[in-house]
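Enquirer: Pasting in a structure now, in structure tokens, and then I'll have a few things to ask.
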Amino acid sequence: MPNHLMPISHPLRRAALPAAVFLLAVLALSVGAPATLAEDAEAPAAGETRYLPDGTPVRVEASEPESAPAQAEPKGPDWLPFLLRAHYLAFLALMLVGIALLLARWVTRWVRIAMLAVAFFLFGIDLVFPLHPSPMCAATKLFTFKVAHGTFFPQFIALFLVMMVPSLIGRKLFCGWVCPLGAFQSLVHKLPFPIRRRRFSFAAFNGVRFALLGLFFVTIFAIRDWIAALAESVGADPSAGVWAAFSAYSIYEPINFFELLHWQLDTVFLVMLVVLIVASLVLYRPFCYAICPIGAFTWILERVAPGRVRVDESRCNGCGVCIKASPCPTIDGLVEGKRIVPDCTSCGACIGSCPTDAIRFGFRGR
Ligand code: SF4
Ligand code: SF4
Numbered sequence: 001m002p003n004h005l006m007p008i009s010h011p012l013r014r015a016a017l018p019a020a021v022f023l024l025a026v027l028a029l030s031v032g033a034p035a036t037l038a039e040d041a042e043a044p045a046a047g048e049t050r051y052l053p054d055g056t057p058v059r060v061e062a063s064e065p066e067s068a069p070a071q072a073e074p075k076g077p078d079w080l081p082f083l084l085r086a087h088y089l090a091f092l093a094l095m096l097v098g099i100a101l102l103l104a105r106w107v108t109r110w111v112r113i114a115m116l117a118v119a120f121f122l123f124g125i126d127l128v129f130p131l132h133p134s135p136m137c138a139a140t141k142l143f144t145f146k147v148a149h150g151t152f153f154p155q156f157i158a159l160f161l162v163m164m165v166p167s168l169i170g171r172k173l174f175c176g177w178v179c180p181l182g183a184f185q186s187l188v189h190k191l192p193f194p195i196r197r198r199r200f201s202f203a204a205f206n207g208v209r210f211a212l213l214g215l216f217f218v219t220i221f222a223i224r225d226w227i228a229a230l231a232e233s234v235g236a237d238p239s240a241g242v243w244a245a246f247s248a249y250s251i252y253e254p255i256n257f258f259e260l261l262h263w264q265l266d267t268v269f270l271v272m273l274v275v276l277i278v279a280s281l282v283l284y285r286p287f288c289y290a291i292c293p294i295g296a297f298t299w300i301l302e303r304v305a306p307g308r309v310r311v312d313e314s315r316c317n318g319c320g321v322c323i324k325a326s327p328c329p330t331i332d333g334l335v336e337g338k339r340i341v342p343d344c345t346s347c348g349a350c351i352g353s354c355p356t357d358a359i360r361f362g363f364r365g366r
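Here the sequence shown is numbered in my numbering, starting from 1 and rising by one per residue.
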């Protein structure tokens, strides 16, 4: 009997499968729910800032005093209502399904493909759930808007938390089970292709990724000041409209492959799509390893996340089957017991492949 279909005996594992089915059912129901459960409750008052779907702030004009609605006392932090969006609840549901499937050891090839397809369908076609704010927005505009406008915008805080907090609990749960761009790259990587590079210089890729992140933080101040100087030189108010928007520019804009998920079929789209597909055929998640700021942030969190793929040395006989079965450059280091390894997306591919049942996803143990 294949290892990943071994009888499930541990009580946690027995509970994990029904939990996964239940969460998928909740997720299916949430697709038909309104875009935000909190939308009606948060109509902004005159003079407040509301946010367009792409995160652009818009100041609400003052209305006639007699028609102004009574303003309710704000309850809790302003990002809290955004967490109640069906969009973000669906994120959380998918991550919980991922944990349940990992604990149940039920991540077969086709289960994995199905889950990636679900994530891509829900979040990657800009139809079921809106792309914006995208993970890239949450990672960059959270800071650029803070620098340009002096405040952290609540929907970016909410999405940032939705990505980071689960990744603090289980390694890269967002990247492995939710991110539509990650899912797209993984699905493409599953297609047959004669050239594959599972091992590559992770240090070089990670170096580029963190260099970009460092450059991003250094430049957001310079960009803001440069735009402000430019606005003032033509007699404009640098805090107004288009100037403020430009001052939130980030160096990731030209390499933001999340923009592909708007499916605007122009030349830039086609060039970027071809680059991403070819790179993803050869390498596992190239954008994640080399560019994505979320990938960088969550790689740091991997060091402390208790939920992770663990290798039981006493059971491992060194056969290397898991290394052949895994798409990532990570499993080698995990088997060798290294503490610093390339990104593990908790995809579970290595778990079911082990003939001695030495690999598992868990919250305790080495
Ligand atoms: S690293 Fe970025 S692109 Fe890759 S899965 Fe994570 S958030 Fe998505
Ligand atoms: S080590 Fe690789 S194959 Fe195993 S769960 Fe992590 S990313 Fe997937």
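Ideal Cβ placement from N, Cα and C applies to all residues, glycine included.
Return yes when the Cβ of Leu260 is within less than 8 Å of the Cβ of Leu276, no when it is not.
Expert: Reading the sequence shown from its first residue, position 276 is the one you call residue 276. Reading the sequence shown from its first residue, position 260 is the one you call residue 260. Going by C-beta atoms, Leu276 is nearer than 8 Å to Leu260.
Enquirer: Roughly how far, in whole angstroms, is the beta-carbon of Phe91 from the beta-carbon of Phe184, given that I think they are within contact range, below 8 Å?
Expert: Numbered from its first residue, the sequence shown carries residue 91 at position 91. Numbered from its first residue, the sequence shown carries residue 184 at position 184. Not confirmed; about 16 Å, so no contact.
Enquirer: When DSSP labels each residue in this structure, what does Arg109 get in the three-state scheme?
Expert: Taking the first residue of the sequence shown as 1, we reach residue 109 at position 109. Three-state DSSP puts Arg109 in a helix.
Enquirer: Nearest by alpha-carbon distance to Arg339: which of Leu80, Gly348, Val304 is it?
Expert: As a working note, residue 339 is residue 339 in the sequence shown. The candidate whose alpha carbon is nearest that of Arg339 is Val304.
Enquirer: On the DSSP letters alone, give me the boundaries of the beta strand (DSSP E) that Ile99 sits inside.
Expert: Taking the sequence shown and counting its residues from 1, one reaches residue 99 at position 99. Here Ile99 belongs to no beta strand (DSSP E); instead the alpha helix (DSSP H) covers 86-103.
Enquirer: Near ligand 1, which residues have their beta-carbon less than 6 Å from any of its heavy atoms, given in chain order?
Expert: Matched residues: Pro135, Cys175, Cys179, Leu181, Gly182, Arg285, Phe287, Cys288, Cys292, Ile294, Gly295.
Enquirer: Taking C-beta to C-beta, are Gly333 and Val341 nearer than 8 Å?
Expert: Numbered from its first residue, the sequence shown carries residue 333 at position 333. Numbered from its first residue, the sequence shown carries residue 341 at position 341. Cβ atoms of Gly333 and Val341: closer than 8 Å.
Enquirer: Could you say which of Leu84, Ser201, Phe200 lies nearest to Ile157 if we only look at CA atoms?
Expert: Counting from 1 along the sequence shown, the entry for residue 157 is found at position 157. For Ile157, the nearest C-alpha among the options comes from Leu84.
Enquirer: Taking only heavy atoms of ligand 2 into account, decide whether any of them is closer than 7 Å to the Cβ of Ser314.
Expert: Locating residue 314 in the sequence shown gives position 314, counting from the first residue. False, no ligand heavy atom lies under 7 Å from that Cβ.
Enquirer: Can you have a look at Thr330 and say buried or exposed, based on whether 16 or more other CB atoms are within 10 angstroms of its CB?
Expert: Along the sequence shown, one-based indexing puts residue 330 at 330. Classification of Thr330: buried, given that the 10 Å Cβ count is 16 or more.
Enquirer: To which residues of the same chain is Arg197 closer than 6 Å at the C-beta, ignoring the five residues directly before and after it?
Expert: Taking the first residue of the sequence shown as 1, we reach residue 197 at position 197. Excluding residues within five positions, the ones whose Cβ falls inside 6 Å are Val282, Leu283.
Enquirer: Taking 8 Å as the cut-off, does the segment 102-109 touch the segment 212-229 (at least 3 CB pairs, one atom from each stretch)?
Expert: Cβ pair count under 8 Å is below three, so no.
Enquirer: Alpha carbon to alpha carbon, what distance is there between Ser134 and Ala117?
Expert: Along the sequence shown, read from residue 1 onward, the residue named residue 117 stands at position 117. Along the sequence shown, read from residue 1 onward, the residue named residue 134 stands at position 134. Roughly 18 Å between the two C-alpha positions.
Enquirer: Provide the residue(s) that pair with Phe361 in DSSP beta bridges, ordered along the chain.
Expert: Start at 1 with the first residue of the sequence shown, and residue 361 comes out as number 361. Paired residues: Val309.
Enquirer: Report yes or no: do the segment 342-357 and the segment 296-316 share at least 3 C-beta pairs separated by less than 8 Å?
Expert: In short, these stretches touch, since the Cβ pair count reaches three.
Enquirer: Any heavy atom of ligand 2 within a distance shorter than 7 Å of the CB on Val309?
Expert: Reading the sequence shown from its first residue, position 309 is the one you call residue 309. Correct: Val309 has its Cβ closer than 7 Å to ligand 2.
Enquirer: Say yes only if the C-beta of Thr298 is nearer than 7 Å to one or more non-hydrogen atoms of ligand 2, and no if none qualify.
Expert: Within the sequence shown, the letter at position 298 stands for residue 298. Incorrect: Thr298 has no Cβ contact closer than 7 Å to ligand 2.
Enquirer: Please report the straight-line C-alpha distance between Gly365 and Ala114, rounded to a whole angstrom.
Expert: To locate residue 365, count along the sequence shown from 1; it is residue 365. To locate residue 114, count along the sequence shown from 1; it is residue 114. The straight-line gap from Cα to Cα measures roughly 30 Å.
Enquirer: So which residues put a beta carbon under 5 Å from any heavy atom of ligand 2, going in chain order?
Expert: Going along the chain, the residues that qualify are Val309, Ser326, Cys328, Thr330, Ile331, Cys344, Thr345, Cys347, Ala349, Cys350.
Enquirer: For Thr151, is the classification buried or exposed, using 16 other Cβ atoms within 10 angstroms of its Cβ as the cut-off for buried?
Expert: If you number the sequence shown from 1, residue 151 lands on position 151. Label assigned to Thr151: exposed.
Enquirer: Please tell me whether Ser250 and Ile294 are closer than 8 Å, where the distance is taken between their beta carbons.
Expert: If you number the sequence shown from 1, residue 250 lands on position 250. If you number the sequence shown from 1, residue 294 lands on position 294. Against a cut-off of 8 Å, the Cβ pair of Ile294 and Ser250 comes out as no contact.
Enquirer: From this set, Ser186, Met95, Gly207, Val97, which residue's C-alpha is nearest Trp299's C-alpha?
Expert: Here residue 299 corresponds to residue number 299 of the sequence shown, with the count starting at 1. Taking only the C-alpha atoms, the option nearest Trp299 is Gly207.
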